[in-house]
Amino acid sequence: MLPFLIWSFGVIALSLAQSDENGTLLAERQVDNDNPCNCYFKESCGCICSRPITWAQFQVLPQNFRPCRGFTLALRGGQFFAFPGDYFYRVGHVSDFVLDVSRVALQYLNDPQAQSSPYNGVTFDISAFVRMHEVIVNREWNWDAMYWLAPTTTKAYCEIQVVQSTVPVLRADFGRICQGYVTVVNIVSSGLISLDNGVFAPFYKLTEIDLSNNRIQEMRRSYFLILQENWKS
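Counting with mature numbering (1 follows the signal peptide of the UniProt record, and there is no 0), you get residues -17 to -1, 1 to 216 for the letters of the sequence shown.
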């Protein structure tokens, strides 16, 4: 029995040593309460939910958030009221921020009754990527809360991709995302009918825009005058 224990401890020690030497190894653990999400912590961190989660499970996920070089939250299904205030607060400062949401239904994109934004306290040095795929928002895509997803350098940029979702109108608050540091906007196959005048005006770094396969009834030249000025400069 003793030799077996010695051998077992030796294997464990060797495994731990190999883990420490491998800088890319992710320390994964299953979230409690039978949650189909894996959360990982190394230079990159975040949570990957491969199956639909409940509203209760969604609310406890932030307990696993923390600062790291690159943060990712990926959701694959669920029905939620909205992203609550301070939801990403524990993420803090990162180099890259990724929010990848697919097949999710919400009442609001961000909680309109919260005292603070879901992105309160979140800053990024390099990039922020927000992807919404097959996302249904029943009441309001209230983008203004994403103003607090804040860049820390002039070279930082933000990309927004919305595909096969329900976005009938882009209002002026869309221009508040990432404090205007948006370079790419793709709203594709999402039932878009109209845009507020000047909706893209705050995006002085915008280099790519795709509004294809929508139902936009009128495209005013004024929507894109600011883009022409930006590209000239």
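Yeah, the Cβ is synthetic: ideal placement off N, Cα and C, and Gly gets one too.
Keep in mind it's a predicted model, so treat the numbers as computed, not measured.
6 angstroms CB neighbourhood of residue i in its chain, flanking five on each side removed
i: E123; result: Y91
i: R154; result: D179
i: V87; result: L58, G61 and V118
i: I160; result: W126 and M129
i: N93; result: A65, F66, P101, N125 and A128
i: N197; result: L175
i: V105; result: F71, V74 and L132
i: M115; result: V84, V145 and S148
i: W38; result: F63
i: D156; result: W126 and D127
i: V113; result: L82 and I143
i: I31; result: N21 and A57
Beta-carbon proximity list for residue i, same chain, < 7 angstroms, skipping 5 on both sides
i: C28; result: R49, C51 and F54
i: L194; result: I170 and L175
i: L(-2); result: Reliability fails at L(-2), whose pLDDT of 38 lies under 50, so the model's placement of it is uncertain and no value is given.
i: S99; result: G68 and D69
Contact under 9 angstroms by Cβ, residue i with residue j
i: E142; j: A97; result: no
i: S148; j: S173; result: yes
i: V146; j: V182; result: no
i: L89; j: N121; result: yes
i: P35; j: P45; result: no
i: N47; j: S33; result: no
Supposed contact pair residue j and residue i - C-beta distance, whole angstroms, cut 8 angstroms
i: P185; j: G158; result: 4 angstroms
i: W131; j: Y102; result: 4 angstroms
i: D79; j: F41; result: So it is not a contact: roughly 23 angstroms between Cβ atoms.
Endpoints, the alpha helix (DSSP H) within which residue i is located
i: E145; result: According to the sequence displayed, residue 145 carries Val and not Glu. Here V145 belongs to no alpha helix (DSSP H); instead the beta strand (DSSP E) covers Y140 to V146.
i: Q40; result: W38 to V43
Bounding residues of the beta strand (DSSP E) (the contiguous stretch that carries residue i)
i: D79; result: H76 to Y91
i: N47; result: That residue, N47, is in no beta strand (DSSP E); it is neither H nor E in DSSP.
i: R122; result: I119 to E123
i: C28; result: S27 to C32
i: A111; result: T106 to H116
i: I192; result: E191 to D193
i: N21; result: C20 to F24
i: T55; result: G53 to F63
i: V150; result: Neither: V150 is in no beta strand (DSSP E) and is coded neither H nor E.
i: V182; result: It is not in any beta strand (DSSP E) - V182 carries neither H nor E in the DSSP assignment.
i: I170; result: V165 to V171
Cβ shell of residue i (< 8 angstroms), same chain only, five flanking positions each side left out
i: M(-17); result: The predicted model places M(-17) with a pLDDT of 47, which falls under 50 and marks its position as unreliable, so this point remains unresolved.
i: V77; result: P50, C51, R52, G53, F54, V105, T106, F107 and D108
i: Q200; result: I176 and S177
i: E191; result: T166, V167, V168 and N169
i: V150; result: V120, W124, I170, S173, G174 and L175
i: K138; result: I109
i: P95; result: A65, E123 and N125
Cβ of residue i within 9 angstroms of any chain B Cβ
i: F107; result: The chain labelled as chain B is not found in the depicted structure, where only one protein chain is given.
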